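What follows is a single structure, written as structure tokens, with notes after it.
In the numbering used here, the protein residues as written are 40 to 324.
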């Protein structure tokens, strides 16, 4: 397995700077970064969950969601643990923010290729939790998968740093990227960065990666019509052909507001449809 990358020693070796995500945590020896998945120990910089997964399933590609990339096919989906954001409404909090130890399964890159072949699947998705934390594994495994004609997909919050974005543009075939809100302050409260996700989306679209976006409409966080209009204008400026999935929120984890008003969802659909070619609704009857 590839050793953790995107880090450098600092303070004469007393700490390490992790540049995998936008946050660039400075981690002292014996401590972990914000995501808790990357640590600096006496033995060096480590990522103990690298290449280890808690969920493996076969899903319809539309469930990722991807609607304009290989529609009607199925995909091998893998989820690991931890996340580099702290959304209080997280729908996968059991693995993104686990309260205790979880049973993980180590899957070597060649084993993953064999699993996909045995199921006659032509794509693998890193999903459920934040896949960026498996960055080294994704890069290494994509080379093996590509030789077998198997594509690589990420379902991500897009909080990765510029260095990994460059590498992902070369080895990942398709992504669904979640835009949480279009307000800088609200993004920061969720542990993320609007500037980072917009920069990465534009870079990946320009690089030719198939990108679809998801916006979960959460009351009090991403239900502002003004913010939504600004988001649609920005997406259209990148490309009016980037698909957008507008998804309905339901109470989860630490957030208990009522589910999103369907009437608001329909209004947002009409706003988006005036500027974008492909608009889809999620979690509506």
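Even for Gly, the Cβ is constructed at its ideal location relative to N, Cα and C. Note that the structure is a prediction, hence the values are computed from the model and not measured.
Chain-order list of residues whose beta-carbon lies under 6 Å from that of residue 399 (same chain, five-residue window excluded): The structure shown does not extend to residue 399, since the chain is modelled only from 40 through 324, so no value can be given for it.
Quick one: which unbroken alpha helix (DSSP H) runs of 4-plus residues sit fully inside the region 104 to 177? Chain order, please. Within the region 104 to 177, the complete alpha helix (DSSP H) runs of at least 4 residues are 132 to 135, 148 to 157.
Please go through the same chain and pick out, in chain order, the residues whose beta-carbon is closer than 6 Å to the beta-carbon of residue 258, but skip the five residues on each side of it. Taking the chain shown and counting its residues from 1, the one referred to as residue 258 is at position 219. Within the same chain, residue 258 has close Cβ partners 296.
Terminal residues of the continuous beta strand (DSSP E) containing residue 57? Here the question's residue 57 lines up with position 18 in the chain shown. Element bounds for residue 57: 54 to 57.
Could you please give me the residues that DSSP links to residue 47 through a beta bridge? What you label residue 47 is simply residue 8 of the chain shown in a count that begins at 1. Paired residue(s): 56.
Under the DSSP definition of a beta bridge, which residues are partnered with residue 215? On the chain shown, residue 215 is found 176 positions in, with the first residue counted as 1. Residue 215 is bridged to 194, 251.
Quick check on DSSP: helix, strand or coil for residue 312? Within the chain shown, the letter at position 273 stands for residue 312. DSSP places residue 312 in helix when its eight states are reduced to three.
Which residues in the same chain have their Cβ closer than 8 Å to the Cβ of residue 298, if we skip the five residues on either side of it in sequence? Here residue 298 corresponds to residue number 259 of the chain shown, with the count starting at 1. Excluding sequence neighbours, residue 298 sits near 287, 288, 289, 290.
Check whether the Cβ atoms of residue 120 and residue 141 sit closer than 9 Å, and answer yes or no. Here the question's residue 120 lines up with position 81 in the chain shown. Here the question's residue 141 lines up with position 102 in the chain shown. Contact flag set, yes.
Outcome for residue 276 when other beta-carbon atoms lying within 10 angstroms are tallied against a minimum of 16: Here residue 276 is taken as the residue at index 237 of the chain shown, counted from 1. Its Cβ having fewer than 16 others within 10 Å, residue 276 is exposed.
Using a threshold of 9 Å, state whether the C-beta atoms of residue 310 and residue 274 are closer than that. The residue given as residue 310 occupies position 271 in the chain shown. The residue given as residue 274 occupies position 235 in the chain shown. Not in contact: residue 310 and residue 274 (Cβ atoms no closer than 9 Å).
Specify the secondary structure class of residue 79 as computed by DSSP and reduced to three states. As a first step, residue 79 must be located in the chain shown, where it is residue number 40. In the structure shown, residue 79 sits in a strand (DSSP, three-state: E or B).
Residue from 236, 322, 262 with nearest C-alpha to residue 123: Here residue 123 corresponds to residue number 84 of the chain shown, with the count starting at 1. The option with the nearest alpha carbon to residue 123 is 236.
Decide if residue 149 is buried, meaning its Cβ has at least 16 other Cβ atoms within 10 Å, or exposed. Position 110 of the chain shown holds residue 149. Exposed, because fewer than 16 other Cβ atoms sit within 10 Å of the Cβ of residue 149.
Would residue 174 be called buried (16 or more neighbouring beta carbons within 10 Å of its own) or exposed? The residue given as residue 174 occupies position 135 in the chain shown. Buried, by the Cβ-count rule.
Is the region 177 to 187 touching the region 128 to 139 in the sense that three or more CB pairs, one from each, lie closer than 8 Å? no
Helix or strand or just coil, what does DSSP make of residue 203? For the purposes of this step, residue 203 is identified with residue 164 of the chain shown, where counting begins at 1. Residue state, collapsed to three classes: helix.
Under 9 Å between C-beta atoms of residue 284 and residue 231: Reading the chain shown from its first residue, position 245 is the one you call residue 284. Reading the chain shown from its first residue, position 192 is the one you call residue 231. Contact: no.
Burial state of residue 316, where buried means 16 or more other Cβ atoms lie within 10 Å: For the purposes of this step, residue 316 is identified with residue 277 of the chain shown, where counting begins at 1. Note on residue 316: under 16 other CB atoms within 10 angstroms of its CB, so exposed under the neighbour-count rule.
Return the CA-CA distance between residue 214 and residue 308, expressed in angstroms with no decimal places. Stepping through the chain shown from its first residue, residue 214 is reached at position 175. Stepping through the chain shown from its first residue, residue 308 is reached at position 269. The alpha-carbon atoms of residue 214 and residue 308 are separated by roughly 21 Å.
Can you give me the start and stop residues for the alpha helix (DSSP H) that residue 319 sits inside? Counting from one through the chain shown, the residue named residue 319 turns up at place 280. Here residue 319 belongs to no alpha helix (DSSP H); instead the beta strand (DSSP E) covers 318 to 321.
How would you call residue 249, buried or exposed, if buried means at least 16 neighbouring beta carbons within 10 angstroms? Here residue 249 refers to the residue found at position 210 of the chain shown. By the neighbour-count criterion, in which 16 or more other beta carbons inside 10 Å mark a residue as buried, residue 249 falls on the buried side.
Going by DSSP in three states, residue 256 sits in which element: helix, strand or coil? Residue mapping note: residue 256 aligns to position 217 of the chain shown, counting from 1. Strand.
Could you give the C-beta distance for residue 115 and residue 163, rounded to a whole number, given that I count them as a contact under 8 Å? For the purposes of this step, residue 115 is taken as residue 76 along the chain shown, with counting starting at 1. For the purposes of this step, residue 163 is taken as residue 124 along the chain shown, with counting starting at 1. Contact flag correct, Cβ pair sits at about 5 Å.
So, residue 143 versus residue 92, is the Cβ gap smaller than 9 Å? In the chain shown, residue 143 corresponds to position 104, counting from 1. In the chain shown, residue 92 corresponds to position 53, counting from 1. A contact, by the Cβ cut-off of 9 Å.
Would DSSP call residue 240 helix, strand or coil? Your numbering for residue 240 matches position 201 in the chain shown. Reduced to three states, the DSSP call for residue 240 is helix.
Residue 276 lies in the beta strand (DSSP E); which residues open and close that run? Numbered from its first residue, the chain shown carries residue 276 at position 237. Taken as a continuous stretch (DSSP letters only), residue 276 belongs to no beta strand (DSSP E), being part of the alpha helix (DSSP H) at 264 to 277.
Is residue 90 near residue 79, with beta carbons less than 9 Å apart? Sequence index remark: in the chain shown, residue 90 carries index 51 (1-based). Sequence index remark: in the chain shown, residue 79 carries index 40 (1-based). Contact: no.
How far does the alpha helix (DSSP H) with residue 223 in it reach, from first residue to last? Here the question's residue 223 lines up with position 184 in the chain shown. Run containing residue 223: 223 to 228, per the alpha helix (DSSP H) assignment.
Per the DSSP calculation, residue 67 is bridged to which residue(s)? As a first step, residue 67 must be located in the chain shown, where it is residue number 28. DSSP lists 54 as partners of residue 67.
Starting from residue 284, follow the beta strand (DSSP E) in both directions and report where the run begins and ends. Start at 1 with the first residue of the chain shown, and residue 284 comes out as number 245. Where residue 284 is concerned, the enclosing beta strand (DSSP E) stretches over 283 to 287.
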